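Written out below as structure tokens is the structure these notes cover.
Number of protein chains: 2
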Amino acid sequence: MTVGELEASEETMALRVVGALRDEIVTMALKPGDVISESDIAGRYGVSRQPVREAFIRLAQQGLLLIRPKRATIVKKISPDGVRQSRFIRESIEVEIIRRVAARPGDAEAVLADLIAGQETASAADDNLGFHTLDELFHRTLARLAGVEYAWQLIDDHKMQLDRVRFLTLGVSSSQRAIAEHKEIAAAVAAGDSAGAEAAMRAHLARAEVLLSQTIADHPDYFEPVH
Amino acid sequence: MTVGELEASEETMALRVVGALRDEIVTMALKPGDVISESDIAGRYGVSRQPVREAFIRLAQQGLLLIRPKRATIVKKISPDGVRQSRFIRESIEVEIIRRVAARPGDAEAVLADLIAGQETASAADDNLGFHTLDELFHRTLARLAGVEYAWQLIDDHKMQLDRVRFLTLGVSSSQRAIAEHKEIAAAVAAGDSAGAEAAMRAHLARAEVLLSQTIADHPDYFEPVH
DNA sequence: CGCACGCATCTACCATACAAGATTGAGGAA
DNA sequence: TTCCTCAATCTTGTATGGTAGATGCGTGCG
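Spelled out as structure tokens, the structure:
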């Protein structure tokens, strides 16, 4: 059972292995707690241990792998506290972003309206993946409008932790509600209402909050025990 | 001219090289734009290319090095926009932290008072390094009190960019003023005044703001040209 | 039967060798 | 002089072998 060939094109082998492994991890093809080894992955992808090793280092720095010297490397279990703090980071930054955008709306209104329209189309067509992409684009666009697109990349890195949880709770997307909340945010931004925009953003981000404890109950072995 | 032996003790060689190189970079012993190579560093530290290579990967992910495949690796120049956004990230998170701490002061008052007292001692003794350490501890302690110490690690990673700028502006520490601002923050926290604590924290963080443009003027070749 | 010791086997770590692209400089032609 | 060509020599990327430490299982002893 091979895992699908690495597209033999650009970039270095190491970076291709990074991408392939990251996909396997966030989609739960590699489950938290799974033991992997350099030789194992190297064999599966048909490369030597060296690029795999470098991929491990990168993924370990991103918090997806745990390299235990002289022992073995395992897919890091999801830390409930880490998820909580990742959300804290995201909320801190997104709240500050929405404040700044609302303080200087500029052409934000038209841009956001376009994105929301696209989301409604995707939602009507039951295009879950497309909606998810547009949802992410909505938030990244806000970062761009605030002039801190790089800060979004930071959120993106830590969002992988959240994405693993999200993948476990697939199906309950309720895109209608998300769209309504996006409209609220956009309206407050257009009105230059910083406080209102902040409140709407906090409410929007808080919606996912309730899912974690249920997910832990469903898959206890994917999470670290409460320390 | 060797660079000082790596303490032959614990950890792996790669991690020791990471620490040594990071110190050289933030203290400007390795200047932005400097070209380094795996073989070069390997020779200087008396190890093979392999651990150096792995150290390069880690430092590149932290934004301190730029690895150019098949060409060379250079110490990344400081990006003025990156500094601006690193400050944005730090302010976003620290403001959120101080809000939460002020909302639930707990035993914050006593802990913070202790730290400030230590800072006054260090300042009186002209112990610049000690003061800097305690200053950092003050902020990290706030993160711990808010229950998001992990979030501080994130700030710490990105603070290296800021530290390089700080190192270029050494001597103008004005620790007296910093201590006064710390007291303001602690007082607002003790009073449970969230808004006041947030304002004090913003003012505290904004103080370093003015130095950047002057620093760019003094060392233009250490910075990326405005894109 | 239970426990401790030891060896086979696994792991990541490090060193070394080779490969391939990029740079740089010299040298020759226009 | 100026520009083009090409080869020596850099660089990082990849492959492979050897090493030390940790694990786990089987064996032998009490």
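Protein chains in written order, with numbering that gives the first Met the number 0: chain S, 0 to 226; chain C, 0 to 226. Just so you know, even glycine gets a beta-carbon here, dropped at the ideal spot from N, CA and C. All values reported here derive from a predicted model rather than from experimental measurement.
Taken in chain order, the whole alpha helix (DSSP H) runs of length 4 or more contained in the segment 140-175 of chain C are 148-167. Considering only C:Val34, C:Thr132, C:Leu64, the residue with the shortest C-alpha distance to Asp155 of chain C is C:Thr132. For Met159 of chain S against Gln61 of chain S, the beta-carbon gap comes to about 7 Å, under 8 Å, which counts as contact.
Interface annotation for the segment 136-152 of chain S against chain C: Ala145, Gly146, Val147, Glu148, Tyr149, Ala150, criterion Cβ-Cβ distance under 9 Å. Scanning its chain for C-beta atoms nearer than 8 Å, with the 5 sequence neighbours on each side dropped, one finds around Lys30 of chain C the residues Val74, Tyr221, in chain order. For chain C, the residues of the segment 32-61 of chain S that bring a beta carbon within less than 7 Å of one of its beta carbons are Glu53, Ile56, Arg57, Gln60, in chain order. Interface annotation, Asp80 of chain S: in contact with chain C, CB-CB separation under 9 Å. In the DSSP annotation of this structure, the continuous segment of the beta strand (DSSP E) that includes Arg67 of chain C starts and ends at 64-67.
The contact set of Ile88 of chain S on chain C, defined by CB atoms closer than 7 Å, consists of Ile92, Ala150, Leu153 in chain order. Secondary structure of Ala28 of chain C (DSSP, three-state): coil. Gln84 of chain S sits buried, since 16 or more C-beta atoms from the chains shown fall within 10 Å of its C-beta. Separation of Ala19 of chain C and Ile66 of chain S (C-alpha to C-alpha, rounded to the nearest whole angstrom) is 21 Å. The alpha-carbon of Ile215 of chain C is positioned some 43 Å away from that of Arg48 of chain S. Contact with chain S is absent for Gln175 of chain C, since none of that chain's Cβ atoms lies less than 9 Å from the residue's Cβ. Unbroken beta strand (DSSP E) stretches of 3 residues or longer found wholly inside the segment 57-128 of chain S: 64-66, 72-74, given in chain order.
Under the Cβ criterion of 9 Å, Glu108 of chain C is not counted among the residues facing chain S.
A distance below 9 Å separates the beta carbons of Leu144 of chain S and Val110 of chain S.
Nearest Cα to Glu37 of chain C within the set C:Phe130, C:Leu161, C:Val17: C:Val17.
In this model, Arg52 of chain S and Ile178 of chain S are separated by some 42 Å (Cα to Cα). Residue pairing from DSSP leaves Phe137 of chain S without any beta-bridge partner.
Membership of Tyr44 of chain C in the alpha helix (DSSP H) is indicated by the continuous run 37-44.
For the set S:Glu197, S:Ile77, S:Met200, S:His218, the Cα lying nearest the Cα of Asp162 of chain S is the one of S:Ile77. Here Ala187 of chain C is buried. Its C-beta has 16 or more other C-beta atoms within 10 Å. Check the Cα spacing between His218 of chain S and each of S:Met27, S:Arg21, S:Thr11: the tightest is with S:Met27. Those residues of the segment 207-224 of chain S placed with their C-beta closer than 9 Å to a C-beta in chain C do not exist.
Residue S:Asp106 holds the alpha-carbon nearest to the alpha-carbon of Thr140 of chain S among S:Arg165, S:Asp125, S:Phe166, S:Asp106. In this structure, Leu153 of chain S sits near Ile88 of chain S, with a CB-CB distance shorter than 9 Å. Taking the C-beta atoms as reference points, Asp113 of chain S is found no nearer than 9 Å to Tyr149 of chain C. Separation of the CB atoms of Ser91 of chain S and Ser174 of chain C is rounded to 28 Å, and the pair is thereby denied contact status at 8 Å. When beta bridges are read from the DSSP output, Phe130 of chain S appears opposite no residue. Scanning chain C for C-beta atoms nearer than 9 Å to the C-beta of Gln84 of chain S yields Gly146, Val147, Glu148, Tyr149, Ala150, Leu153, reported in chain order. Where Ser47 of chain S is concerned, there is no enclosing alpha helix (DSSP H), because DSSP gives it neither an H nor an E. The Cβ of Glu95 of chain C sits closer than 9 Å to at least one Cβ of chain S. Contact between Ala199 of chain C and Glu180 of chain C is confirmed by a C-beta separation of about 7 Å, below the 8 Å threshold.
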